[in-house]
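Peer 1: For what it's worth, my numbering labels the leading residue of the sequence shown as 75, then goes sequentially. Ideal Cβ positions, reconstructed from N, Cα and C, are used throughout, including at glycine. Note that the structure is a prediction, hence the values are computed from the model and not measured. Questions regarding the structure given below will be posed in turn.
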Amino acid sequence: MKILALSVLAFLLGSIPSGLIIARVRGVDLTKSGSKNIGATNVLRTTGKWPALLTLAGDIAKGSIAVLVARQFEIGLLPEGIVGLSAVLGHNFSIFLHFRGGKGVATSIGVLCIYAPQTGIVTIIIWLMTVLVTRYSSLGALVSFGGMPIFLALLDNHAKVPVGIAMALMLFVRHRENIVRLIRGTESRIGNR
75 MKILALSVLA FLLGSIPSGL IIARVRGVDL TKSGSKNIGA TNVLRTTGKW PALLTLAGDI
135 AKGSIAVLVA RQFEIGLLPE GIVGLSAVLG HNFSIFLHFR GGKGVATSIG VLCIYAPQTG
195 IVTIIIWLMT VLVTRYSSLG ALVSFGGMPI FLALLDNHAK VPVGIAMALM LFVRHRENIV
255 RLIRGTESRI GNR
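Now the structure itself:
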């Protein structure tokens with residue numbers, strides 16, 4: 075019951091659409107602008123750098139807070155990870171947006187930063203390097219999270235690997251349209267409006 079209650083709370087926390095709220099303050103409706111996604115990349119394209127940074131911070135915080143709260147209840151490694159995944163699911167399928175939402179990259183990073191900090195740092199570095207070289211945010215997410223379960227096994231506790239695999243799979247499913255555009259060469263680069 076404790077794990078279920080924490081997972082529900084994490085889902086609700088993850089459901090808060092940071093980007094949508096921040097963009098609306100600036101007079102932009104993300105559901106009708108750019109890629110229509112509520113994440114930081116679309117906020118950057120449609121609203122600017124500072125709103126995008128605020129969105130990124132808000133989305134990361136949702137994942138981190140969920141795991142930090144779960145840790146206080148000493149429920150164990152796997153259940154703690156499930157609570158983190160619930161926050162990512164909330165972001166991806168927000169109850170405030172009729173179960174639509176973002177792609178979960180920043181919220182997943184937030185989960186990793188608390189759940190498996192070393193793996194989180196490596197994932198961030200790989201994401202940043204890929205984005206700096208290619209200017210594709212989606213490719214950075216796919217490359218960094220594709221390798222994340224391996225780094226989790228090498229740098230952390232093997233008990234956390236199932237959570238890492240589930241997180242990576244969720245991210246790949248949410249990026250399926252980006253994958254098609256990357257293959258076709260029609261994916262938007264960072265910096266293009």
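Ser168 bridges to which residues according to DSSP?
Peer 2: Ser168 pairs with Arg174.
Peer 1: May I ask you to report which of helix, strand or coil DSSP gives Val196?
Peer 2: Three-state DSSP puts Val196 in a helix.
Peer 1: Give the secondary structure of Val102 by DSSP, where H, G and I count as helix, E and B as strand, and everything else as coil.
Peer 2: It is coil, neither helix nor strand.
Peer 1: If Leu87 sits next to Gly164, beta carbons under 8 Å apart, how far is it from one beta carbon to the other, in whole angstroms?
Peer 2: Right, the Cβ-Cβ distance comes to about 6 Å (below 8 Å), so this counts as a contact.
Peer 1: On a Cα-Cα basis, can you pick out the residue from Ala79, Arg258, Arg248, Glu261 that is closest to Asn166?
Peer 2: With distances taken between Cα atoms, Asn166 lies closest to Arg248.
Peer 1: Tell me whether Asn111 is buried or exposed, calling it buried when 16 or more other Cβ atoms sit within 10 Å of its Cβ.
Peer 2: Flag for Asn111 reads buried.
Peer 1: Please state if the CB of Leu78 and the CB of Gly93 are separated by a distance shorter than 7 Å.
Peer 2: Against a cut-off of 7 Å, the Cβ pair of Leu78 and Gly93 comes out as no contact.
Peer 1: Closest by CA to Ala114, which one among Ser218, Ser211, Ala161, Met222?
Peer 2: For the residues Ser218, Ser211, Ala161, Met222, the minimum Cα distance to Ala114 belongs to Ser211.
Peer 1: Are the beta-carbon atoms belonging to Thr129 and Val102 less than 7 Å from one another?
Peer 2: Result no, Cβ atoms of Thr129 and Val102 do not sit closer than 7 Å.
Peer 1: State the DSSP-derived secondary structure class of Asn231, mapped to helix, strand or coil.
Peer 2: Correct three-state label for Asn231: coil.
Peer 1: Label Ile188 either buried or exposed according to how many other C-beta atoms from any shown protein chain fall within 10 Å of its C-beta, with 16 as the threshold for buried.
Peer 2: By the 10 Å Cβ count, Ile188 comes out buried.
Peer 1: Can you tell me the Cα-Cα spacing of Lys123 and Val141, whole angstroms?
Peer 2: If you take the alpha carbons of Lys123 and Val141, they lie about 28 Å apart.
Peer 1: Output needed for Ser89: all residues of its chain with C-beta closer than 6 Å, excluding positions within five of it in sequence on either side, in chain order.
Peer 2: Closer than 6 Å at Cβ, skipping near neighbours: Gly164, Ser168, Ile169, Phe170.
Peer 1: Going by Cα to Cα distance, which pick from Ser109, Gly132, Val143 is closest to Arg255?
Peer 2: Closest option to Arg255, Cα to Cα, is Ser109.
Peer 1: To the nearest angstrom, how far is it from the Cα of Gly155 to the Cα of Val237?
Peer 2: Those two C-alpha atoms are separated by around 6 Å.
Peer 1: Can you grab the Cα-Cα spacing for the pair Met244 / Thr260, in whole Å?
Peer 2: Cα to Cα, Met244 sits roughly 23 Å from Thr260.
Peer 1: What's the gap between the Cα of Asn252 and the Cα of Pro91?
Peer 2: So the two alpha carbons sit approximately 21 Å from each other.
Peer 1: Applying the 10 Å Cβ sphere with the 16-neighbour rule, what's the burial state of Met241?
Peer 2: Buried, since its Cβ has 16 or more Cβ neighbours within 10 Å.
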